[in-house]
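J.:
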Amino acid sequence: MTPARNSFVVTPIGIIHSPFLTREGAPRQGRFSDALVTLEILPEFIEGLQDVEQQPHLIVLYWLDQSNQAALKATPPHTGIEHGVFATRSPDRPNPIGIGVVDFVRREGNRLFVRGLDALDGTPLVDIKPYSAAIDSVKE
């Protein structure tokens, strides 16, 4: 018997504007890119940006809306070996949530300018959180 599924709605807080128009044209990982990307925050969420300028780095969560949500296997380009999707960073997955740690550059009103993000132009922005090296970095 299949367990009951809870459903929920994720409301975008904004939209991502980037120079990347296709998956093929985007970097494999955002940290490999120096491109300036804009996070445009919707008017009803602007108040949530208070003090964001104090953060040198941000965690950006976004919805990979061009992904294959039926994919359960993926082959990373650096290995050529198929794995279960949860053992990879593939954008094709049941809940295609993208995550990136970005460098905060500046804020202009409802727009945040960042570097280090691989999202395609027009990608829905789900959330922004401050990055903390003490909390978010795992020491090997």
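So the sequence shown is residues 35 to 174, counted in my numbering.
Backbone N, C-alpha and C fix where the C-beta goes; we use that ideal spot for every residue, glycine too.
Return the Cβ separation of SER52 and ALA69 in integer angstroms, given the expectation that the two are a contact with Cβ distance under 8 Å.
T.: Position 18 of the sequence shown, counting from 1, holds the residue named residue 52. Position 35 of the sequence shown, counting from 1, holds the residue named residue 69. That belief holds up - the Cβ atoms of SER52 and ALA69 are roughly 7 Å apart, short of 8 Å.
J.: Expressed to the nearest angstrom, what Euclidean distance is found between the alpha-carbon atoms of LYS163 and PHE147?
T.: As a first step, residue 163 must be located in the sequence shown, where it is residue number 129. As a first step, residue 147 must be located in the sequence shown, where it is residue number 113. Their Cα atoms are separated by approximately 15 Å.
J.: What does the alpha-carbon distance come out to for the pair THR45 and LEU98?
T.: Walking along the sequence shown from the start, residue 45 turns up at place 11. Walking along the sequence shown from the start, residue 98 turns up at place 64. About 14 Å.
J.: Should ASP152 be labelled buried (16 or more other beta-carbon atoms within 10 Å of its own) or exposed?
T.: Here residue 152 refers to the residue found at position 118 when the sequence shown is read from its first residue. Buried: at least 16 other Cβ atoms inside 10 Å.
J.: Within 10 angstroms of the Cβ of SER171, are there 16 or more other Cβ atoms? Answer buried if so, exposed if not.
T.: Position 137 of the sequence shown, counted from the first residue, corresponds to residue 171. That one is exposed.
J.: Need the endpoints of the alpha helix (DSSP H) that ASP161 sits in, please.
T.: Residue mapping note: residue 161 aligns to position 127 of the sequence shown, counting from 1. Segment 157 to 164 is the beta strand (DSSP E) holding ASP161; no alpha helix (DSSP H) there.
J.: Are there three or more Cβ pairs, one per stretch, closer than 8 Å when the stretch 124 to 139 is compared with the stretch 96 to 110?
T.: yes
J.: Considering ASN115, what are the terminal residues of the alpha helix (DSSP H) in which it resides?
T.: Taking the first residue of the sequence shown as position 1, residue 115 is located at position 81. Sequence check: residue 115 is Ile here, not Asn. Neither: ILE115 is in no alpha helix (DSSP H) and is coded neither H nor E.
J.: Since I believe LEU73 is in contact with GLY132 (beta carbons under 8 Å), could you give me their beta-carbon distance rounded to a whole number of angstroms?
T.: Counted from its first residue, the sequence shown places residue 132 at position 98. Counted from its first residue, the sequence shown places residue 73 at position 39. Wrong, their Cβ atoms sit about 13 Å apart, outside the cutoff.
J.: Look at the alpha carbon of GLN88 and the alpha carbon of GLY82, and state the distance between them as a whole number of angstroms.
T.: For the purposes of this step, residue 88 is taken as the residue at position 54 of the sequence shown. For the purposes of this step, residue 82 is taken as the residue at position 48 of the sequence shown. In a straight line, the C-alpha of GLN88 is about 13 Å away from that of GLY82.
J.: Is the separation between the beta-carbon of LEU92 and that of PHE138 shorter than 8 Å?
T.: In the sequence shown, counting from the first residue as 1, residue 92 sits at position 58. In the sequence shown, counting from the first residue as 1, residue 138 sits at position 104. Closer than 8 Å, so yes.
J.: Taking PHE120 as the reference, give the member of LYS107, ILE80, GLY114, ASN144 with the closest Cα.
T.: Counting from one through the sequence shown, the residue named residue 120 turns up at place 86. With distances taken between Cα atoms, PHE120 lies closest to LYS107.
J.: Out of PRO61, PRO90, ASP161, ALA168, which has the shortest C-alpha to C-alpha gap to ILE80?
T.: Position 46 of the sequence shown, counting from 1, holds the residue named residue 80. Comparing Cα positions, the closest option is ASP161.
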